[in-house]
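A short write-up of the structure that comes next.
Number of protein chains: 2
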Amino acid sequence: MDRNDAEIELSRLRDAIDRVDEVIVRLLNQRAKYAIEIGEVKPILGLPVYAPEREKQVLQHVERTSNGPLDPATMRRLFERIIDESRRVERESGVGSRSG
Amino acid sequence: MDRNDAEIELSRLRDAIDRVDEVIVRLLNQRAKYAIEIGEVKPILGLPVYAPEREKQVLQHVERTSNGPLDPATMRRLFERIIDESRRVERESGVGSRSG
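Taken in sequence, the protein lines are chains F and C.
Taking the working numbering, the leading residue of the first sequence gets -12, the next gets one more, and so forth.
Taking the working numbering, the leading residue of the second sequence gets -12, the next gets one more, and so forth.
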């Protein structure tokens, strides 16, 4: 690959990443919407926001789903952050926060 | 909503999150593949792995793209982690690491 081809390829790859990022953003927001809805349902069942068993299950699910190139530990780290933020919006959804 | 409906709804929402997570996992891996390809192209251009201007642009792009419920600061935090992991796989892609 010569310099010119490499420049075109770099630009193409960065555009591709931007397109992927747009979908990830949409899905993270969709996930947050579901978390907010969960925050509204849990008080009816007397359940707390923090559900360690469920969080463990979510992490196992993403580790099983992933087939690389990101290794399972990396995927787990990313989803630990996603779960943290989901828990926060669930808590802040108001109804959830009344459940203690 | 009574208890029974709430239990069904919670189960439905958790399934929906699992489906969203499967797609997020796929997209994070796709993003990593592009990052690895970038790690192969940059040495041809004499570019280092760390590209602060591009990383700033990626963060601005996701902040602009997001329309909530996650606020821009949250989205930025999540993507800072995603970029960190992408930079790591790009660096570890071997060819990239030879570029210094």
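Just so it is clear, CB atoms sit at the ideal spot from N, CA and C, and this is done for glycine as well.
So residue i is in the alpha helix (DSSP H); what residue range does that whole segment cover?
i	result
F:Lys123	What the structure shows of chain F is the stretch from -12 to 87, and residue 123 of chain F is not part of that stretch, so it cannot be assessed.
F:Asn71	A small correction: the amino acid at residue 71 of chain F is Asp; Asn does not occupy that position in the sequence shown. Segment Pro59 to Glu79, the alpha helix (DSSP H) holding F:Asp71.
C:Pro35	Here C:Pro35 belongs to no alpha helix (DSSP H), and DSSP marks it neither H nor E.
When you compare the CB of residue i with every CB in chain F, is at least one pair closer than 9 Å?
i	result
C:Pro35	no
C:Arg(-10)	yes
C:Arg85	At C:Arg85 the pLDDT is 47, less than 50, meaning the model places this residue with poor confidence; the figure from the coordinates comes in the next sentence. C:Arg85 does not count as touching chain F.
C:Lys20	yes
Does the CB of residue i have a neighbour CB from chain C at under 9 Å?
i	result
F:Pro39	no
F:Arg78	no
F:Arg104	Since the first and last residues shown for chain F are -12 and 87, residue 104 of chain F lies out of range.
F:Arg74	no
F:Glu42	no
Who are the Cβ neighbours of residue i in its own chain at under 7 Å, not counting the five residues just before and after it?
i	result
C:Glu50	Pro59, Met62 and Arg63
C:Leu14	none
F:Ala19	Ser73 and Val76
Who are the near neighbours of residue i in its chain, counting only those whose CB is closer than 8 Å to its CB and skipping five residues on each side?
i	result
C:Glu(-4)	Met(-12)
F:Ser53	Pro59 and Met62
C:Ile11	none
F:Gln17	none
For residue i, which residues in the same chain have their Cβ closer than 6 Å to its Cβ, ignoring the five residues on either side in sequence?
i	result
C:Ser80	Ile23 and Gly26
Cβ contact check for the region 10 to 23 of chain F and the region 36 to 44 of chain C: 3 or more pairs under 8 Å:
no
Enumerated in chain order, which unbroken segments of the beta strand (DSSP E) with a length of 3 residues or greater are wholly contained in the region -7 to 20 of chain C?
For the region -7 to 20 of chain C, not a single whole beta strand (DSSP E) run of length 3 or above is found.
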